[in-house]
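Notes follow once the structure below has been shown.
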Amino acid sequence: TLLDGNGLDWGQIGLGAVGTAVLTVVALVFLTRMLTVFRARGFISRYS
4 TLLDGNGLDW
14 GQIGLGAVGT
24 AVLTVVALVF
34 LTRMLTVFRA
44 RGFISRYS
């Protein structure tokens with residue numbers, strides 16, 4: 004660990020960053036699709 008005097012494990016930090024980026028893209032795709040569905044069903048107006 005960092006407190007023991009060792010350096011950071013950059014591989015783990017990189018893996019976390021990639022995972023965050025992937026989940027962000029998945030969340031945005033889901034949000035876009037749900038917004039499209041809700042607009043098609045009339046729950047959300049374009050101008051509200």
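Per the numbering used here, the sequence shown starts with residue 4, numbered consecutively. Don't be surprised by glycine CBs; every beta carbon is placed ideally from N, CA and C.
DSSP places residue 8 in the coil class of the three-state scheme, outside both helix and strand. Shown here, residue 46 sits in coil according to DSSP, grouped into three states, outside any helix or strand. The criterion of a C-beta distance shorter than 8 Å is not satisfied by residue 47 and residue 34.
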